[in-house]
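When you number the sequence shown by my numbering, it's gap-free, plus one each residue, and the end is 342.
The C-beta atom is built at its ideal place from N, Cα and C for all residues, glycine as well.
For reference, the structure discussed in these notes is given below.
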Amino acid sequence: MGLWSWFAAKPAEPEPVKPKKKICCACPETKLARDECTTLNGPEAPQCQKLIEAHKQCLRGEGFNVGLSACSSGDLGQASSAMNRQQRDKQSQFVGITGADSSTATRCLEAASWSVEAAIDYFYSNGMQASRSASKRPDRDAIHRLFLKYKDEDDEDVVGVEGISQLCSDLGVEPDDIVVLVLSWHLGAEAMCEYSKKEFEEGLAELGCDSIDKLRAKLPTLRAEVQEAAKFRKIYQFAYLFSREKGQKIVQLDVALAMWDLLLPVTRWQHSEAWKDFLRTHHKRAVSRDTWNQLLDFILNTAPDFSNYDDSGAWPYLLDEFVEVQRKELQQQPPTNGMDTS
Numbered sequence: 001m002g003l004w005s006w007f008a009a010k011p012a013e014p015e016p017v018k019p020k021k022k023i024c025c026a027c028p029e030t031k032l033a034r035d036e037c038t039t040l041n042g043p044e045a046p047q048c049q050k051l052i053e054a055h056k057q058c059l060r061g062e063g064f065n066v067g068l069s070a071c072s073s074g075d076l077g078q079a080s081s082a083m084n085r086q087q088r089d090k091q092s093q094f095v096g097i098t099g100a101d102s103s104t105a106t107r108c109l110e111a112a113s114w115s116v117e118a119a120i121d122y123f124y125s126n127g128m129q130a131s132r133s134a135s136k137r138p139d140r141d142a143i144h145r146l147f148l149k150y151k152d153e154d155d156e157d158v159v160g161v162e163g164i165s166q167l168c169s170d171l172g173v174e175p176d177d178i179v180v181l182v183l184s185w186h187l188g189a190e191a192m193c194e195y196s197k198k199e200f201e202e203g204l205a206e207l208g209c210d211s212i213d214k215l216r217a218k219l220p221t222l223r224a225e226v227q228e229a230a231k232f233r234k235i236y237q238f239a240y241l242f243s244r245e246k247g248q249k250i251v252q253l254d255v256a257l258a259m260w261d262l263l264l265p266v267t268r269w270q271h272s273e274a275w276k277d278f279l280r281t282h283h284k285r286a287v288s289r290d291t292w293n294q295l296l297d298f299i300l301n302t303a304p305d306f307s308n309y310d311d312s313g314a315w316p317y318l319l320d321e322f323v324e325v326q327r328k329e330l331q332q333q334p335p336t337n338g339m340d341t342s
């Protein structure tokens, strides 16, 4: 058989699988796991390395050629010397999230046609986080500059109401968003509506956030902590101490009710509104720390119809009275199972 005949008879090699979707939309499950881990622990963390590799493998299965140092290699073109304002904003956002240097950010963004999400995928999928050896340690000077930006005009050592309001605006959240309470817990704030210089700077350093972009990128992780039972308990208990006025040992009723609005929506506890109405009608006084803390145990251990509530247990008297009122109301309600009881 001649050479030409051999080539003609040789089976054609299969064409490489072409991606059916954009890289930013592929493998959402492994992408979410990777992003949450790297945001919380940094991409160099061993547990994150496994998730990064798992996302790479998933992308390869979707037809993407990942694994090479795409963002740092020269074949992606040199970083543009002149960028427009929108591109500079995207570069800043990319740097804030990944901790990469600006030249790497620009190359990755150019490779991804200036899609921030796709560029971040390229960055992690191609191992570029390995070049961030020094980025795990937050820039203390940058954190101090943030403090100076938000500090109170009348008190050099405190971020006050106006500063916190501006911080929330820069983060894109409302001051009464529960994520602000979670952030305050991480900062170890001792009083509502203010952060001391030590709380602000030490807390952000502990979170690994030395820029607004990094802190904004961590908000989904902070928000998700209220869904973890152990962390929610800590946040819930912190909220009581956080809500006290300076010099006071107990929390005023209106403040407690507002905090329960935040922590105990009806989606978490179906009797939340009934509890608050009960306090407005029957209590009308400040809430003790014992009542606050034991309410959570009550919620976790008591059946929705209160059938397993132990009247002789060591519950606060308010809970005894609340259960008594609710049982009477439940007995007065018509059956809801659709059966004819006549």
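- Taking C-alpha positions only, residue 173 is separated from residue 100 by approximately 26 Å.
- A buried status is given to residue 199, since no fewer than 16 other beta-carbon atoms sit within 10 Å of its beta-carbon.
- About 31 Å separates the beta carbon of residue 151 from that of residue 116, a gap too long to meet the 8 Å contact definition.
- Judged by DSSP in its simplified three-state form, residue 92 adopts helix.
- Cα atoms of residue 170 and residue 327: separation of roughly 47 Å, rounded to the nearest angstrom.
- Sixteen is the threshold: when 16 or more other Cβ atoms of the shown chains lie within 10 Å of the Cβ of residue 236, as they do, the residue is buried.
- Under the Cβ criterion (8 Å, minimum of three pairs), the stretch 203 to 215 counts as touching the stretch 141 to 161.
- Taken through DSSP and simplified to helix, strand or coil, residue 196 comes out as strand.
- The beta carbon of residue 311 is closer than 7 Å to those of 320 in its chain, skipping five residues each way along the sequence.
- Here residue 325 carries a helix assignment [DSSP, helix/strand/coil].
- Bridge partners of residue 251 according to DSSP: 287.
- Within the same chain, Cβ atoms closer than 7 Å to the Cβ of residue 180 are found at 168, 173, the five residues on either side in sequence being excluded.
- When DSSP assignments are scanned along the stretch 228 to 273, the uninterrupted stretches of alpha helix (DSSP H) that are 4 or more residues long and fall wholly within it turn out to be 229 to 243, 253 to 263.
- If you draw a straight line from the Cα of residue 141 to the Cα of residue 206, it comes to about 14 Å.
- Excluding five sequence positions before and after residue 262, the CB atoms of its chain that fall closer than 6 Å to its own CB belong to 178, given in chain order.
- Just so you know, the alpha carbons of residue 224 and residue 32 end up roughly 13 Å apart.
- The DSSP-derived three-state label of residue 173 is coil.
- Out of 156, 302, 58, 62, the CA that lies nearest to the CA of residue 271 is found in 302.
- Cβ neighbours of residue 160 within its own chain (closer than 6 Å, five residues either side excluded): 152, 194.
- Contact check for residue 219 against residue 204 fails: the beta carbons are separated by 9 Å or more.
- Cβ-Cβ separation between residue 182 and residue 222: approximately 5 Å, consistent with a contact (criterion under 8 Å).
- In this structure, residue 34 lies near residue 55, with their beta-carbon atoms less than 9 Å apart.
- Residue burial is scored here from C-beta neighbours: residue 266 has fewer than 16 other C-beta atoms within 10 angstroms and is therefore classed as exposed.
- Around the Cβ of residue 229, a 10 Å sphere holds fewer than 16 other Cβ atoms; the residue is exposed.
- The C-beta separation of residue 95 from residue 102 comes to about 6 Å, placing the pair in contact by the 8 Å criterion.
- Taking 9 Å as the cut-off, the Cβ atoms of residue 59 and residue 27 count as close.
- By the criterion of a C-beta distance shorter than 8 Å, residue 186 is surrounded in its chain by 203, 206, 207, 222, once the five residues flanking it on both sides are discounted.
- Counted as a single uninterrupted DSSP element, the stretch harbouring residue 137 is not any alpha helix (DSSP H), since DSSP gives it neither H nor E.
- Just measuring C-alpha positions, the residue of 259, 274, 249, 307 sitting nearest residue 176 is 259.
- Non-local beta-carbon contacts of residue 291 in its own chain, meaning distances under 6 Å to residues more than five positions away in sequence, involve 316, 318 in chain order.
- Residue pairing from DSSP leaves residue 161 without any beta-bridge partner.
- Judged by DSSP secondary structure, residue 214 falls within the alpha helix (DSSP H) whose first and last residues are 212 to 224.
- Residue 30 holds the alpha-carbon nearest to the alpha-carbon of residue 62 among 48, 30, 37.
- In summary, residue 307 is exposed, with fewer than 16 beta-carbon neighbours lying within 10 Å of its beta-carbon over all protein chains present.
- The beta carbon of residue 284 lies closer than 8 Å to those of 253 in the same chain, with the five residues before and after it left out.
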